[in-house]
Amino acid sequence: MHRAWFVAAVAFVTIIGAAAFRSLPGLLIDPLHREFDWSRSTIGFAVSVNLALYGITAPFAAALMDRFGIRRVVAVALTVIALGSGLAVWMTAAWQLILYWGFLVGLGSGSMALAFAATVTNRWFTEKRGLVTGILTAASASGQLIFLPLLSWMVEGHGWRPAAITVALTALAVVPFVWLLLRDHPADVGLAPYGAKEFVPKPPPVTGAARRAVTVLFKAARTGPFWLLAGTFAICGASTNGLIQTHFVPAAHDHGMPITAAASLLAVIGVFDVIGTICSGWLTDRFDARRLLGVYYALRGISLLFLPMLLAPDVRPPMLFFIVFYGLDWVATVPPTLALCREHYGDDSAIVFGWVLASHQIGAAAVAFLGGLVRDVTGSYDVVWYASGALCAAAALMAVVIRRVAPTR
């Protein structure tokens, strides 16, 4: 077996470790509201800072990986995640929540974002890139699958602090695997990338990481496809991380559903997300990525319009159908979006995708805050579900009008 598959496996486990913290926000809104009497909009603001930094950090992290190597950047990022999650145990004020949960974990998890998956895929694979992208994207959902039931049980039975400590220890536990097993480039072990017919020498370190990230942004921003990809991905983030991951559990709890049951439904989303994302990667290798995105966003928007009618005190078959349907579509958008970045922007595609991911997280951050604000003002999340469904319809139209452009080399 080619060494690239072992590197992909280590990256998969690493992203799972980073995903542990991202399982927490929806579980902690009600406990933090009860213990500290913080409003849901205040807690949602901390989540929005985390989500925004998760996205904004990604392109700079991709450039830093070109400068210092994947292994160093990822090891430091996991340590920062552990520090932020651990310090949150002793917080007593809302600004500490924003600092620990928002800034520290946002910076750390941003360095572990999908730009990391893009960098690993671009360096180690010339074939099966869509499939590998789907597998690594699914790692985030797998982390949700693994940790959500455990963390919801901890929050329900023992409070939110043991859950935060568990996340910190998990992030630290992954660091040795990264340092010992992850390699920056196939040339480090004397191999060609998977599928390559010739040996590819390791490029020299690229200095000026921040300058390069900004330069690539300005270059890409002069093209229409960048804005269409950024716009569709902002809506993707708004309708997944910002909406469902952050607000589904408290919204279901508003209708009388126990927190553990709602968290288990999110875990089921994680199960089918793995299936949907890997299948999406397989489809991206074979079909037009624009049409795939159009179908994904249209189906997601339709499902969100039905969600307010499905929330109930117990789990019924229509809700299970929604969970399965939404899970299959959760981050199925990533492989075709990354493929379009690769098609239009060539060697800069990982950094461009990092900026597109930044728009994803800005959209997620906006809805994480606005969803809590709407709930505080109206006492219901219904307006948020309907508005997000309409946005997904707009994203479907934006995706199908992206024009074909030869890759820039």
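Heads up, the numbering used here is the position in the sequence shown plus 40, with the first residue counted as 1.
Using N, Cα and C, we set each Cβ at its ideal position, and we do this for glycine too.
query, result
"Pair within 9 Å by beta-carbon distance, L333 and T373", "yes"
"Sequence-distant residues of its chain with Cβ nearer than 8 Å to L339 (five each side left out)", "F365 and D369"
"N- and C-terminal bounds of the alpha helix (DSSP H) containing A291", "T286 to D294"
"Start-to-end residues for the alpha helix (DSSP H) that takes in F409", "S389 to T418"
"Buried/exposed call for D77, threshold 16 Cβ in 10 Å", "exposed"
"Assigned secondary structure, Y234 (DSSP; H/G/I helix, E/B strand, else coil)", "strand"
"Reduced DSSP category for F239 - H, G, I as helix; E, B as strand; rest coil", "coil"
"Classification of R74 by the beta-carbon crowding that lies within 10 angstroms, buried from 16 upward", "exposed"
"Inter-stretch contact (C-beta, 8 Å, three-pair minimum) for the stretch 290-308 and the stretch 350-363", "yes"
"H198 classed as buried or exposed, judged by whether at least 16 other C-beta atoms fall within 10 angstroms", "exposed"
"Three-state secondary structure assigned by DSSP to F187", "helix"
"Opposing strand residues paired with F165 [DSSP bridges]", "Y234"
"Start and end residues, alpha helix (DSSP H) containing S88", "R80 to F108"
"Given P11 as reference, the closest of W219, Y234 and F312 once Cα atoms are compared", "The question about residue 11 has no answer here: the residues shown for the chain are numbered 41 through 449."
"Segment limits, alpha helix (DSSP H) that includes D369", "P357 to D369"
"Proximity of R330 and R169 at Cβ, strictly below 9 Å", "no"
"Rounded C-alpha distance that separates G84 from G394", "24 Å"
"Cβ distance (whole Å) where L64 is taken to contact V214 below 8 Å", "Going by Cβ atoms, the distance from L64 to V214 rounds to 17 Å, so no, they are not a contact pair."
"Inter-stretch contact at 8 Å, needing at least 3 Cβ pairs: the stretch 142-154 / the stretch 111-124", "yes"
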